[in-house]
Amino acid sequence: MREEGIFSHKEGGSVVDQHERRMLAFRNSIESLGAEAMRDMEDLYGNNPYHNPNHLLLVAKNDTRILQVIKNTNPDSGLGEEDLLLGKLEAMYHDIDQSVNSEKTKDVVDEPYINNLFIEKYITSHEDKLVALEAVRILMGGDVSEEGCGAGVLDMMGRIRKFKDDLSNSGEINNYIKRVRVREQPKIEQNSAGILLGRMQIINEKAGEKVFTDKQQHLADESIRATVPFFDVGLLTVVQPELKKDSSYHAFALALADLGAVAMNGPGMFLREGMGVLDEDHLDLTECIESPERIEGLSEERKKYMKSRLIGWRKFQKLFLSGREKVVTRLLEERKGLSEFPEETLKAVGALFDWESSKRVIDQVIKEAETMSLEELLRDTKKYIGMSEDDARIAGEQILGRVAA
Numbered sequence: 055m056r057e058e059g060i061f062s063h064k065e066g067g068s069v070v071d072q073h074e075r076r077m078l079a080f081r082n083s084i085e086s087l088g089a090e091a092m093r094d095m096e097d098l099y100g101n102n103p104y105h106n107p108n109h110l111l112l113v114a115k116n117d118t119r120i121l122q123v124i125k126n127t128n129p130d131s132g133l134g135e136e137d138l139l140l141g142k143l144e145a146m147y148h149d150i151d152q153s154v155n156s157e158k159t160k161d162v163v164d165e166p167y168i169n170n171l172f173i174e175k176y177i178t179s180h181e182d183k184l185v186a187l188e189a190v191r192i193l194m195g196g197d198v199s200e201e202g203c204g205a206g207v208l209d210m211m212g213r214i215r216k217f218k219d220d221l222s223n224s225g226e227i228n229n230y231i232k233r234v235r236v237r238e239q240p241k242i243e244q245n246s247a248g249i250l251l252g253r254m255q256i257i258n259e260k261a262g263e264k265v266f267t268d269k270q271q272h273l274a275d276e277s278i279r280a281t282v283p284f285f286d287v288g289l290l291t292v293v294q295p296e297l298k299k300d301s302s303y304h305a306f307a308l309a310l311a312d313l314g315a316v317a318m319n320g321p322g323m324f325l326r327e328g329m330g331v332l333d334e335d336h337l338d339l340t341e342c343i344e345s346p347e348r349i350e351g352l353s354e355e356r357k358k359y360m361k362s363r364l365i366g367w368r369k370f371q372k373l374f375l376s377g378r379e380k381v382v383t384r385l386l387e388e389r390k391g392l393s394e395f396p397e398e399t400l401k402a403v404g405a406l407f408d409w410e411s412s413k414r415v416i417d418q419v420i421k422e423a424e425t426m427s428l429e430e431l432l433r434d435t436k437k438y439i440g441m442s443e444d445d446a447r448i449a450g451e452q453i454l455g456r457v458a459a
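For the sequence shown, counting from 1, position 254 maps to 308 in the numbering used here; every step adds exactly one.
Structural data, given as structure tokens:
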């Protein structure tokens with residue numbers, strides 16, 4: 055990455071002197087831009103349960119670990135001090151613009167929950183349940199049209215529709231409405247990359263020379279865009295379609311680091327980050343997570359629905375974890391045979407992820423959640439949000455201790 059002689063138009067000095075002067079300017083600029091990112095994140099989004107300064111710091115830490123492992127295990131990688139510093143900066147800016155997430159929300163009728171409620175209330179035999187599940191699949195947009203259905207399935211679909219109409223007419227359907235945040239990917243990543251590139255260019259202009267080279271600016275843009283998430287309904291987890299097989303080390307490291315908390319930082323951090331996403335995106339639950347006493351006065355059906363979602367989120371985290379393990383395994387498998395990723399490097403990167411501890415902990419968390427009241431679930435959720443790394447480590451160890459007991 056080093057561009058020797060980049061300041062050769064300046065007065066005198068050896069190539070070594072010029073490089074040392076450039077590195078000093080580079081380090082100072084990295085420190086300055088990193089501090090600016092933290093101030094912005096704290097001022098604008100410091101109260102966010104997930105996309106906050108702690109998330110940036112965690113991703114930066116994981117990014118450095120991944121790049122360092124690649125550097126240590128592959129002498130031909132070409133990675134050096136500048137790459138580690140630049141990778142940290144990319145992480146500090148990858149989610150810096152959350153403005154498109156701040157105000158946009160929508161109220162959603164929880165159709166899957168209502169479908170399950172119908173089955174729970176009215177379906178008793180195994181045969182009828184199979185028919186009901188097929189009817190639900192078609193109603194939810196399955197790959198079979200109504201025209202190809204048998205009379206039993208059509209009748210069941212009619213019963214489900216009437217059940218929903220009755221809920222709407224009585225107003226009971228309000229018990230099953232959730233308010234969720236609307237995220238606008240890839241705008242978040244595009245805007246975040248633009249902010250970093252703009253600040254890099256300002257530094258270059260003020261210095262009158264390229265403190266950040268064209269290549270470094272390209273790497274920063276590529277890396278942040280590689281974190282654009284897409285929910286894969288087959289894997290029930292997040293994938294990053296912009297991360298390609300031939301993407302740079304920087305993009306590879308940042309994409310893995312961004313979702314690395316599931317298994318890179320201990321199971322307690324997996325819980326902290328997961329509960330943070332719940333609190334940030336499910337706004338009707340947020341009010342009660344922050345103030346559990348708000349559940350007083352809610353209907354019993356609403357309470358039952360909220361409890362189901364809190365337990366369901368924990369179960370979803372287990373599926374999310376399993377999906378991420380498959381994704382990371384696939385990403386490493388895809389790179390086998392590439393000169394940039396010798397076998398030792400792939401093994402070392404894979405070893406950064408402790409999937410088993412996270413699996414054991416989330417299984418225990420689900421088991422315990424199923425015995426809790428709604429108020430206990432709300433308080434249990436709240437305790438993880440905003441946890442320090444030390445507290446999260448201790449929490450993870452305590453849960454693992456209960457697994458072994």
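We put the beta carbon where it would ideally sit given N, CA and C, even for glycine.
Spatial distance of residue i from residue j (CA atoms)
{"i": "Glu-296", "j": "Arg-191", "result": "31 Å"}
{"i": "Glu-78", "j": "Glu-144", "result": "Strictly speaking, residue 78 in this sequence is Leu, with Glu absent from that position. If you take the alpha carbons of Leu-78 and Glu-144, they lie about 19 Å apart."}
{"i": "Leu-250", "j": "Phe-217", "result": "52 Å"}
{"i": "Val-316", "j": "Lys-421", "result": "19 Å"}
{"i": "Thr-178", "j": "Arg-237", "result": "39 Å"}
{"i": "Leu-138", "j": "Thr-118", "result": "6 Å"}
{"i": "Ile-448", "j": "Gly-320", "result": "10 Å"}
{"i": "Lys-357", "j": "Asp-338", "result": "12 Å"}
{"i": "Glu-263", "j": "Asp-275", "result": "20 Å"}
{"i": "Gly-377", "j": "Leu-289", "result": "5 Å"}
{"i": "Ser-62", "j": "Ile-416", "result": "Residue confidence is low: Ser-62 scores 31 on pLDDT, short of 50, so the model does not pin down where it sits. No coordinate-derived value is stated."}
{"i": "Ala-305", "j": "Ser-427", "result": "43 Å"}
{"i": "Gly-252", "j": "Asn-245", "result": "10 Å"}
{"i": "Arg-81", "j": "Pro-107", "result": "21 Å"}
{"i": "Asp-130", "j": "Asp-268", "result": "22 Å"}
{"i": "Leu-386", "j": "Ala-309", "result": "13 Å"}
{"i": "Tyr-99", "j": "His-109", "result": "11 Å"}
{"i": "Thr-383", "j": "Asp-219", "result": "45 Å"}
{"i": "Gly-195", "j": "Gly-322", "result": "37 Å"}
{"i": "Ile-242", "j": "Ile-84", "result": "22 Å"}
{"i": "Met-441", "j": "Leu-111", "result": "13 Å"}
Residue range of the unbroken alpha helix (DSSP H) whose run includes residue i
{"i": "Ile-453", "result": "443–458"}
{"i": "Asn-169", "result": "165–176"}
{"i": "Cys-342", "result": "337–344"}
{"i": "Glu-462", "result": "Because the chain is modelled from 55 through 459, residue 462 falls outside the range shown and cannot be assessed."}
{"i": "Asn-128", "result": "Per DSSP, Asn-128 belongs to no alpha helix (DSSP H) and is neither H nor E."}
{"i": "Ala-186", "result": "180–193"}
{"i": "Glu-397", "result": "397–404"}
Under the three-state DSSP convention, the category residue i falls into
{"i": "Val-331", "result": "helix"}
{"i": "Thr-159", "result": "strand"}
{"i": "His-73", "result": "helix"}
{"i": "His-148", "result": "coil"}
{"i": "Lys-216", "result": "helix"}
{"i": "Gly-88", "result": "helix"}
{"i": "Met-318", "result": "coil"}
{"i": "Lys-64", "result": "Because the pLDDT at Lys-64 is just 42, under 50, the model does not fix this residue reliably, and the value given afterwards should be weighed accordingly. Looking at Lys-64 - three-state DSSP - the assignment turns out to be coil, as it is neither helix nor strand."}
{"i": "Glu-263", "result": "coil"}
{"i": "Tyr-104", "result": "coil"}
{"i": "Met-210", "result": "helix"}
{"i": "Gly-248", "result": "helix"}
{"i": "Leu-392", "result": "coil"}
{"i": "Gly-351", "result": "coil"}
{"i": "Ser-12", "result": "Given a span of 55 to 459 for the chain in the structure shown, any question on residue 12 remains unanswerable."}
{"i": "Asp-135", "result": "Checking the sequence shown, residue 135 turns out to be Glu, not Asp. It is helical."}
Host beta strand (DSSP E) of residue i (start-end)
{"i": "Val-419", "result": "Not the beta strand (DSSP E): Val-419 falls in the alpha helix (DSSP H), residues 409–423."}
{"i": "Ile-439", "result": "Taken as a continuous stretch (DSSP letters only), Ile-439 belongs to no beta strand (DSSP E), as it is neither H nor E."}
{"i": "Val-234", "result": "231–235"}
For residue j and residue i, believed in contact at Cβ under 8 Å, the rounded distance
{"i": "Glu-341", "j": "Arg-348", "result": "6 Å"}
{"i": "Arg-233", "j": "Asp-333", "result": "Not quite, the Cβ-Cβ distance comes to about 13 Å (not below 8 Å), so this is no contact."}
{"i": "Lys-299", "j": "Arg-389", "result": "7 Å"}
{"i": "Glu-368", "j": "Val-419", "result": "Residue identity differs from the one stated: residue 368 is Arg in this sequence, not Glu. Indeed they touch by this definition, with Cβ atoms about 6 Å apart."}
{"i": "Ser-411", "j": "Leu-454", "result": "7 Å"}
{"i": "Ile-150", "j": "Asp-94", "result": "6 Å"}
{"i": "Tyr-230", "j": "Tyr-167", "result": "6 Å"}
{"i": "Asp-312", "j": "Thr-281", "result": "5 Å"}
Near the ligand SAM: residue i beta-carbon under 6 Å from a heavy atom
{"i": "Gly-212", "result": "The ligand SAM is not part of the structure shown, which contains no ligands of any sort."}
- Message: Please give the ranges of any alpha helix (DSSP H) in the region 279–313, keeping only runs that are unbroken, at least 4 residues long and fully inside the region.
- Response: 303–312
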